[in-house]
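Position 32 (the sequence shown) corresponds to 32 in UniProt numbering; numbering is contiguous.
Ideal Cβ placement from N, Cα and C applies to all residues, glycine included.
Heads up: the structure comes next, in structure tokens.
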Amino acid sequence: MKSWKREILAYWHTDRSNAGPTEAINNVIETTRRIARGFRNFDNYRLRILASASGQRPYRQPPKPVRKGQPNHAE
1 MKSWKREILA
11 YWHTDRSNAG
21 PTEAINNVIE
31 TTRRIARGFR
41 NFDNYRLRIL
51 ASASGQRPYR
61 QPPKPVRKGQ
71 PNHAE
């Protein structure tokens with residue numbers, strides 16, 4: 001505890017900020033990388049990360065077709 005005293009006190013003096021949100025995003029990126037088992041195309045990797053981070057589940061369910069005359073409401 002003595003060796004971490006400065007860091008512990010800094011938590012209370014800096015509006016209690018921490019690295020939690022950053023670590024959560026890193027977790028999404030690492031999970032996406034592990035699931036994909038590697039990407040050859042960086043653009044595809046980036047798109048998959050953005051979709052994962054936004055809560056979208058690409059390739060899980062295809063979009064429903066829009067019928068003529070009916071409004072297109074996002075689900």
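Between HIS13 and ARG67, the alpha-carbon positions lie close to 57 Å from each other. Fewer than three beta-carbon pairs drawn from the region 36–52 and the region 16–24 are found closer than 8 Å, and the two stretches are therefore not classed as touching.
The Cβ atoms of ILE29 and ILE8 lie no closer than 8 Å to each other.
When the five nearest sequence neighbours on each side are left out, the beta carbons in the same chain lying within less than 8 Å of the beta carbon of MET1 are those of ILE8, in order along the chain. Restricting attention to PHE42, ARG6, THR32, the CA atom closest to the CA of ALA51 is found in THR32. Where ASP43 is concerned, the enclosing alpha helix (DSSP H) starts and stops at 42–53.
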